[in-house]
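J.:
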Amino acid sequence: MNSSPGNFSVDSILKAVNPDRAPSHARTYGYPPRVWYFIASFIALLSVYHFADALISRVASNHRPAVYSGASGHISLRQIPSAALNLVRTVIFRTTYSLGGSYKLNVAELFISCAYIVLLFTWAFINTTNLEGVKLSPQYYANRIGLIAATQLPLMISLGMKNNIITFLTGISFDKLNILHRIAARVICVMLWIHASGHVRNLQETWFRCGIMAISSLTLLCILSVQPLRSRAYEVFLVAHFIFALIFLCGSYYHADNNGLGYYLWPSLMVWGLDRFLRFIRIFFVNGGYQTLFNTKSSHPLDAKVEVITSQFLRVTLRRPDHFKWAPGQLAYLSMPSISATPWEAHPFTIASIDGDIINAVESESPSRDESCEKESEGSLESVVAIPTSGCGKKLVFLLRVHDGFTKRLLNAAGSLPAKETFGAYIDGPYCSPPSVRGFDTVIFFSGGSGISFTLPLLLDLIRDANMRTSSRRKVIFVWAIRHPEQIKAISEDLLRALDGVSDSLSIDMRIHVTGSMNDTEIDTEKREGSISSDPKNKLLGAPGIQFLSGRPHVKEIVKAEVAAASGLISINVCGTAGLAESVRSALRVASNTSRILKGGPSISLHVEAFGM
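Residue numbers for the sequence shown follow full-length UniProt numbering, beginning at 1 and rising by one.
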């Protein structure tokens with residue numbers, strides 16, 4: 001038998017020396033794509049549901065009966081779909097679990113998180129028994145788990161981006177996806193440490209040390225992103241996020257490229273770069289960057305006016321070009337170079353104004369656009385309800401709750417300057433996918449403090465919709481809990497103007513609960529030139545449909561009473577503390593049960609505006 005070297009290939013020699021090489025290699029490169037098959041299928045399923053639901057909702061809103069019979073006391077087979085939908089909503093979205101005392105996840109978030117973890121680790125450790133019968137052989141899982149983690153980086157980055165295709169496909173706003181972004185990051189971090197543990201013999205190699213540096217950066221980032229730490233030092237987290245994320249991506253690329261796998265990191269770098277590019281373009285056009293580029297003069301100021309409502313509440317007003325559009329309830333990131341600690345510091349705030357006029361398209365008694373601009377430049381407060389559509393640009397209003405950091409510095413700066421002084425400001429947005437409440441017969445709003453920034457524009461949009469078209473009678477219950485009565489100043493002018501012109505087809509019941517002491521010491525805003533009137537409560541006392549109450553709202557009783565009295569479709573929208581949101585969920589689980597809907601009771605939709613983990 002001829003045994004010359006020419007009869008043996010390198011692969012056959014390696015196979016003879018290490019028979020596990022071929023099967024481990026095949027599984028290492030074959031399993032990671034299979035993980036993506038499951039993820040892509042799930043995203044596709046959510047996308048189909050999202051677009052189908054949007055289509056059905058639009059058709060249903062145009063063909064909905066004007067009058068509902070209400071609960072009949074008898075079970076109706078026609079109500080089975082609505083009852084089933086309510087049961088799913090109650091179990092999946094309205095039932096929450098506490099994790100570690102700092103986090104609350106609903107069943108949907110918990111299920112998706114657990115399913116994602118099981119999916120990744122199943123494909124990482126399945127078929128890891130070598131040919132000698134040793135289970136969990138590092139040769140089979142060490143490289144595989146690293147590649148699976150690498151293939152998840154584009155998903156992790158996309159879930160944390162403001163501009164991402166997942167939001168477009170599923171309708172889930174980026175702030176909700178941010179929960180999954182942090183979960184994915186923590187899972188990937190664990191997987192990468194397992195990957196590194198299988199190669200400790202290469203500790204002296206530069207490429208291995210770069211990998212350890214990358215994983216260490218991701219680990220520190222995961223620790224800093226824990227909610228108690230992040231909420232206490234959010235601005236520190238922003239800086240750390242940028243630095244550690246950059247170190248992680250660069251270190252990971254060098255580590256992978258040294259092993260001929262750099263192409264695994266290119267999608268992540270491209271996704272990250274695309275998001276930054278889109279944000280730059282958006283900021284450039286929204287903030288009038290083209291005016292500087294082409295040496296054109298703006299017909300409206302782009303700086304922000306800051307008004308101190310109380311020592312804990314600020315109102316920021318600014319204008320942007322007419323091409324800037326937003327939906328009620330959307331947010332924008334606000335940055336002020338003279339206040340921000342770093343060039344990239346920007347904070348998300350909901351836009352408390354609406355895009356367009358609320359009362360009539362043309363009002364004979366309304367001031368001209370030029371007069372409105374002139375009044376605002378003189379320091380008078382113009383209502384967010386009437387927003388010019390050209391000339392002055394569009395008006396955006398933000399209501400800020402003062403915390404430490406950016407808002408505290410802004411409070412100090414605004415309190416030490418004359419009222420006419422403005423601050424240079426840039427915005428990035430709009431973002432989020434707020435709900436549309438136009439198609440509901442009864443709409444209930446719960447907000448606490450600055451949470452009114454979310455509920456107020458939705459209310460104003462309902463009033464505008466009622467004024468613009470003939471529709472069946474609808475009812476709105478608006479509950480706002482505040483600590484100090486002075487906070488009413490922030491929206492008093494808007495409410496007076498909106499309620500004065502509301503259509504008869506819309507019934508509004510507004511309840512303002514003052515939970516703090518009436519004697520708390522506040523900043524003396526009356527003495528500041530151009531400040532808002534100091535007696536907003538007296539102005540609103542005579543307005544129809546407004547009640548002023550002491551103490552916290554009784555959420556359970558409100559929900560129970562309104563659900564019992566309502567017929568048709570109900571929308572409940574909440575923006576406030578986690579305690580307020582949980583109170584509404586708890587009340588809704590009791591008030592809206594499946595048997596009631598089977599007997600003709602109303603179908604209820606719940607939207608909670610809050611950041612998660």
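Idealized CB from N, CA, C, for every residue including glycine.
#1: Using a Cβ-Cβ cutoff of less than 8 Å, which residues in the same chain neighbour Ile-188 once the five nearest sequence positions on both sides are dropped?
#2: Alpha carbon to alpha carbon, what distance is there between Asp-53 and Phe-324?
#3: Answer yes or no: do Glu-109 and Ile-172 have a C-beta to C-beta separation smaller than 7 Å?
#4: Spatial neighbours of Arg-144 within its chain, please: C-beta separation below 7 Å, excluding the five flanking residues on both sides.
#5: Count Cβ pairs between the region 341-354 and the region 441-449 that sit closer than 8 Å; are there 3 or more?
#6: From the DSSP output, in three-state form, read off Asp-524 for me.
#7: State buried or exposed for Pro-430, treating a residue as buried only when at least 16 other CB atoms are found within 10 Å of its CB.
#8: Let's see if you can read the secondary structure: which residues bound the beta strand (DSSP E) around His-347?
#9: So Leu-177 and Ser-47 are in contact, right, with Cβ under 8 Å, and what is the actual spacing, rounded?
#10: Answer yes or no: do Glu-562 and Ile-477 have a C-beta to C-beta separation smaller than 7 Å?
#11: Mark Gly-251 as exposed unless 16 or more other C-beta atoms lie within 10 angstroms of its C-beta, in which case mark it buried.
#12: Start and end of the beta strand (DSSP E) containing residue 625?
#13: In the DSSP output, what is Ala-304 paired with across the bridge?
#14: Residues in the same chain with beta-carbon distance under 6 Å from Ile-452, minus the five sequence neighbours each way, listed in chain order, please.
#15: Is there contact between the region 437-446 and the region 347-355, where contact requires at least three CB pairs shorter than 8 Å?
#16: Apart from the five residues on each side of it in sequence, which residues of its chain come closer than 6 Å, Cβ to Cβ, to Ser-605?
#17: Where does Phe-208 fall in DSSP's three states?
#18: Using only CA atoms, which one of His-241, Thr-122, Ile-427, Thr-310 lies nearest to Arg-282?
#19: Restricting to Cα atoms, I'd like to know which of Thr-129, Asn-163, Thr-407 is closest to Ala-233.
#20: Of all the options Leu-499, Glu-235, Pro-23, His-255, which has the alpha carbon lying nearest to the alpha carbon of Cys-210?
#21: For Trp-344, which beta-bridge partners are listed by DSSP?
#22: Put Lys-408 into one of helix, strand or coil per three-state DSSP.
#23: Whose C-alpha, out of Gln-312, Asp-257, Thr-128, Arg-473, is nearest the C-alpha of His-403?
#24: For Ile-212 and Thr-129, what's the separation of their Cα atoms in angstroms?
#25: With a threshold of 8 Å on Cβ separation, who are the neighbours of Ser-503 within its own chain once the five nearest residues in sequence on each side are excluded?
#26: Ends of the beta strand (DSSP E) at Gln-139?
#27: Which term fits Cys-114, buried or exposed, when burial requires 16 or more other beta carbons within 10 angstroms of its beta carbon?
#28: Where does Ile-336 fall in DSSP's three states?
#29: Is DSSP giving Val-608 helix, strand or coil here?
#30: Inspect the beta-carbon positions of Ala-196 and Phe-248 and report whether they are closer than 7 Å.
#31: Just to confirm the assignment, what range does the beta strand (DSSP E) spanning Trp-480 have?
#32: Can you name the start and end residues of the alpha helix (DSSP H) that residue 638 belongs to?
#33: Residue range of the alpha helix (DSSP H) that Ile-243 falls in?
#34: According to DSSP, is Ser-567 part of a helix, a strand, or is it coil?
#35: Please report how far the alpha carbon of Ser-216 lies from the alpha carbon of Gln-547, in whole angstroms.
#36: By the DSSP assignment, the beta strand (DSSP E) with Phe-398 in it spans what residues?
T.: Quick answer:
#1: Answer for Ile-188: Ala-149, Gln-152, Leu-153, Met-156, Leu-218, listed in chain order.
#2: If you take the alpha carbons of Phe-324 and Asp-53, they lie about 28 Å apart.
#3: In this structure, Ile-172 does not lie closer than 7 Å to Glu-109 by Cβ.
#4: Close CB contacts of Arg-144 within its chain, under the 7 Å cut and outside five residues either way in sequence, are with Arg-27, Thr-28, Tyr-31, Ala-124 (chain order).
#5: No contact exists between the region 341-354 and the region 441-449.
#6: Note that Asp-524 has pLDDT 41, beneath the 50 cutoff, so the model's placement of it is unreliable and no number is given.
#7: Residue burial annotation: Pro-430 is buried, with at least 16 other C-beta atoms found within 10 angstroms of its C-beta.
#8: Counting along the chain, His-347 sits inside the beta strand (DSSP E) bounded by residues 347-350.
#9: Contact check for Leu-177 and Ser-47: beta-carbon distance about 14 Å, past the 8 Å limit, so the pair fails to qualify.
#10: The answer is yes: Cβ separation under 7 Å.
#11: By the neighbour-count criterion, in which a residue is buried when 16 or more other Cβ atoms sit within 10 angstroms of its Cβ, Gly-251 is buried.
#12: The displayed coordinates of the chain run from 1 to 613. Any statement about residue 625 would go beyond what the structure contains.
#13: According to DSSP, residue pairing for Ala-304 in a beta bridge involves Phe-423.
#14: Around Ile-452, the same chain offers Trp-480 as residues with beta carbons nearer than 6 Å, after the five sequence neighbours per side are excluded.
#15: Put simply, the region 437-446 does not touch the region 347-355. Fewer than three CB pairs are less than 8 Å apart.
#16: Excluding sequence neighbours, Ser-605 sits near Ser-571.
#17: Here Phe-208 sits in helix by DSSP.
#18: Here the closest residue by C-alpha is Ile-427.
#19: Checking every option, the nearest Cα to that of Ala-233 belongs to Thr-407.
#20: Closest in C-alpha terms to Cys-210, from the list Leu-499, Glu-235, Pro-23, His-255, comes His-255.
#21: In the DSSP output, where bridge partners are listed per residue, Trp-344 has none listed.
#22: Of the three classes helix, strand and coil, the one that applies to Lys-408 here is helix, per DSSP.
#23: Comparing Cα-Cα distances from His-403 to each of Gln-312, Asp-257, Thr-128, Arg-473, the minimum goes to Gln-312.
#24: Ile-212 and Thr-129: Cα-Cα distance of roughly 27 Å.
#25: Cβ within range, chain order: Ile-463, Ala-466, Asn-467.
#26: Looking at the DSSP string, Gln-139 is not in any beta strand (DSSP E); the run it does join, the alpha helix (DSSP H), is 138-160.
#27: Classification of Cys-114: exposed, given that the 10 Å Cβ count is below 16.
#28: Per the sequence shown, the amino acid found at residue 336 is Met instead of Ile. Three-state result, Met-336: coil.
#29: DSSP, reduced to helix, strand and coil, places Val-608 within a strand of the structure shown.
#30: Going by C-beta atoms, Ala-196 is not nearer than 7 Å to Phe-248.
#31: Looking at the DSSP string, the run of the beta strand (DSSP E) that includes Trp-480 is 474-482.
#32: It is not possible to answer for residue 638, since the shown part of the chain is limited to 1 through 613.
#33: Counted as a single uninterrupted DSSP element, the alpha helix (DSSP H) harbouring Ile-243 occupies residues 234-258.
#34: Annotated three-state conformation of Ser-567 is coil, per DSSP.
#35: So the alpha carbons of these two residues sit roughly 55 Å apart.
#36: Per DSSP, Phe-398 belongs to the beta strand (DSSP E) from 394-401.
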